[in-house]
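Colleague: Residue numbers (my numbering): 1 to 527.
1) Can you tell me whether DSSP reads residue 309 as helix, strand or coil?
2) Taking residue 401 and residue 487 to be in contact with their CB atoms under 8 Å, please state how far apart those CB atoms are, rounded to whole angstroms.
3) Using a 10 Å radius around the Cβ and a threshold of 16 neighbouring Cβ atoms, would you call residue 252 buried or exposed?
4) Would you mind giving the Cβ-Cβ distance between residue 51 and residue 243, rounded to the nearest angstrom? I have them listed as a contact below 8 Å.
5) On the premise that residue 132 lies in contact with residue 449, defined as a C-beta separation below 8 Å, what is that separation, rounded to the nearest angstrom?
6) Is it the case that the Cβ atoms of residue 216 and residue 179 are separated by a distance below 8 Å?
7) In whole angstroms, what separates the C-alpha of residue 62 from that of residue 333?
8) If you measure between the beta carbons of residue 417 and residue 463, is that distance less than 8 Å?
9) Distance check for residue 496 and residue 523, CA to CA, integer angstroms please.
10) Out of curiosity, what's the CA-to-CA distance linking residue 508 and residue 447?
11) What three-state label does DSSP hand residue 478 in the structure shown?
12) When burial is assigned at 16 or more other CB atoms within 10 Å of the CB, is residue 71 buried or exposed?
13) Which residue's Cα is closest to the Cα of residue 185: 454, 134 and 372?
14) Could you pull the start and end residues of the alpha helix (DSSP H) that residue 36 belongs to?
15) Is it buried or exposed for residue 110, if we count other Cβ within 10 angstroms and need 16 for buried?
16) Answer yes or no: do residue 339 and residue 457 have a C-beta to C-beta separation smaller than 8 Å?
17) Can you tell me whether residue 304 is buried or exposed? The criterion is at least 16 other CB atoms within 10 Å of its CB, across all chains shown.
18) Using three-state DSSP, classify residue 301 as helix, strand or coil.
19) Roughly how many angstroms lie between the CA atoms of residue 466 and residue 476, to the nearest whole one?
20) Using three-state DSSP, classify residue 77 as helix, strand or coil.
21) Excluding the 5 residues flanking residue 158 on each side, which residues of the same chain have their C-beta closer than 7 Å to its C-beta?
22) Which of helix, strand or coil does DSSP assign to residue 94?
23) Can you tell me which of 58, 60 and 83 puts its alpha carbon nearest to the alpha carbon of residue 69?
24) State the start and end residues of the unbroken beta strand (DSSP E) segment that holds residue 68.
25) I'd like to know whether the C-beta atoms of residue 274 and residue 120 end up nearer to each other than 8 Å.
26) By the three-class DSSP mapping on this structure, what secondary structure does residue 64 have?
27) Under 6 Å Cβ to Cβ from residue 531, same chain only, skipping five residues before and after it: list those, please.
28) Can you give, in chain order, each stretch of the alpha helix (DSSP H) that sits fully within the stretch 405-449 and has at least 4 residues?
29) When the Cα of residue 66 is compared with those of 103, 88, 208 and 323, which residue comes out closest?
30) Distance check for residue 235 and residue 171, CA to CA, integer angstroms please.
31) Keeping to the same chain, check which residues put their C-beta closer than 8 Å to that of residue 470; ignore five residues upstream and five downstream.
32) Below 8 Å between beta carbons: does that hold for residue 330 and residue 431?
33) Using a Cβ-Cβ cut-off of 8 Å (strictly less than) and excluding sequence neighbours within five positions of residue 444, which residues of its own chain qualify?
34) Which same chain residues end up closer than 7 Å to residue 53 when comparing Cβ atoms and leaving out the 5 residues on each side of it in sequence?
35) Residue 124 and residue 342 - do their beta-carbons sit closer together than 8 Å?
36) Pull up the distance between the alpha-carbon of residue 394 and that of residue 481, whole angstroms please.
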């Protein structure tokens, strides 16, 4: 150890001692090239994003404010009246049956923006609480697979119970429970799917998850249109019951991450998982798994990956300034992106256009966004992409404040949402690359909680924006544009290998500081 410490930083490859194989290299060696069946299984895993999207945006329809009309029974009611709250009972009526929305069924129209936005805010508050309390379990006690299964089941059960809510208070409480359970679905799906395939397919599987999220989002306007004259409760049943069925399929088909098993020291379980994956890839492992012993994690690493406390992963990041700096910067940028990403679909009712078409257009905007994300991940730096996309999202959102209602305003909203969706996708992949395996799920979970925290504030701003558009579109634009600039504090990760432990990443950080830009040998060691 002393000899290694005394050696100069920049030496030729010929004099360097051979590096122990990393977990990444070991897994690639044993499972071979990712085959069609394993890739299909990873895409099936990514489909959990579809159910995640349904629960995130379902309130756009179930909590929508319906249109109303004068009945002619009272002369004080006319088209010039902006709100029916001051009119006597019987002077006005809803255009559709009251059961089509929680606002009309429970008479929330005149209850004020706080109560109207309570269920949606409760959902995002549940996401925030669940993310904070559950995020380290996937890195420590439960692992990626069990944590994801628990999250899907709890989200689905809460969704089914929501369909039987007797009042707005029980409804808001169940939405909180749904958000609490849902908090780890996206994070665990993203991390587990990318850890089950080879390096070559990680970006593809990641983008497949974004496509599945879009499919889930797109299914909502179709379902809402089908039940437009029926109870809003149907929406929760038709999205939650299929999710429960999917969890059964997930239980029997999806394996635990071999990378996580190795980091946790569970070599036998890792060997069994690798054998299953290799079999799917059309390979057979005949070697003695000797490479697994060469990448054994020491006691310090075991503590990093969870140790005796589920919060040990957070402690290991807290002790390292570079990790805290990365986490603070990407979480700040994520807060602004989350506010617009979750707020814009809720705000389409303030555009003055058809609700079903507006939401469909927003959902469709995610398709080219996923394609663009895939292209950006392979060809353009993550850091500059986040800065440019958040800046564009902010400009177009601010443009919605000054553009009058109509097609032009709808176009500006779609452009802002498109840029935000792309920034969301890039940030999620960026966060995976910024942190090592031992704390990756926890770090990505915290990044998602920053996104959700922005979503907590969004429903209130949307409710206030019904009177003054600056309080929704204007605040959205300023926050996403300004907070996105914090990405400039992050290192670039495109083309770099992913580390397994905090120490390994810390050595990379030190090597970057010592390297010169034109040193090809040094740069090659960082890949």
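For every residue, glycine included, the Cβ atom is placed at its ideal position computed from N, Cα and C.
Modeller: By the coordinates alone:
1) Model confidence at residue 309 stands at a pLDDT of 48, short of 50, so the residue's coordinates are unreliable and nothing is read from them.
2) Contact between residue 401 and residue 487 fails: their C-beta atoms lie close to 25 Å from each other, not under 8 Å.
3) It is exposed - the Cβ of residue 252 has fewer than 16 other Cβ atoms within 10 Å.
4) Residue 51 to residue 243, Cβ: 4 Å. Contact.
5) The C-beta distance from residue 449 to residue 132 rounds to 6 Å, short enough to meet the 8 Å contact threshold.
6) Remark: C-beta atoms of residue 216 and residue 179 do not approach each other more closely than 8 Å.
7) Residue 333 has its alpha-carbon roughly 30 Å from the corresponding atom of residue 62.
8) Not closer than 8 Å, so no.
9) Its pLDDT being 49, under 50, residue 523 is placed unreliably by the model, and nothing is read from it.
10) Taking the straight line from one Cα to the other gives about 22 Å.
11) Residue 478: helix per DSSP, three-state reduction.
12) Exposed: under 16 other Cβ atoms inside 10 Å.
13) Residue 134 is the option with its Cα nearest to residue 185.
14) Per DSSP, residue 36 belongs to the alpha helix (DSSP H) from 36-46.
15) The residue is exposed, with fewer than 16 neighbouring Cβ atoms inside 10 Å.
16) Going by C-beta atoms, residue 339 is nearer than 8 Å to residue 457.
17) With a pLDDT of only 45 at residue 304, under 50, the local geometry of the prediction cannot be trusted, and the value read off the model is given with reservation. So residue 304 ends up on the buried side.
18) Any reading at residue 301 is ruled out, since the residue's pLDDT is 45, under 50, leaving its predicted position unreliable.
19) Rounded to whole angstroms, the gap between the alpha carbons of residue 466 and residue 476 is 14 Å.
20) When secondary structure is reduced to three states using DSSP, residue 77 falls in the coil class, being assigned neither helix nor strand.
21) So the qualifying residues of the chain are 174, 177, 178 and 181.
22) Residue 94: strand per DSSP, three-state reduction.
23) For the set 58, 60 and 83, the Cα lying nearest the Cα of residue 69 is the one of 83.
24) Looking at the DSSP string, the run of the beta strand (DSSP E) that includes residue 68 is 68-70.
25) In this structure, residue 120 does not lie closer than 8 Å to residue 274 by Cβ.
26) Looking at residue 64 - three-state DSSP - the assignment turns out to be coil, as it is neither helix nor strand.
27) The structure shown has nothing for residue 531, since the chain only spans 1 to 527.
28) Annotation: the stretch 405-449 contains the following complete segments of the alpha helix (DSSP H) (minimum length 4 residues), in chain order: 407-434.
29) For the residues 103, 88, 208 and 323, the minimum Cα distance to residue 66 belongs to 103.
30) Near 14 Å, if we compare the C-alpha coordinates of residue 235 and residue 171.
31) Contacts found: 401.
32) Yes, these two residues count as a Cβ contact at 8 Å.
33) 187, 190, 191, 428, 431, 432 and 435.
34) 213, 216 and 217.
35) Yes. Within cutoff.
36) If I take the Cα positions, the gap works out to 5 Å.
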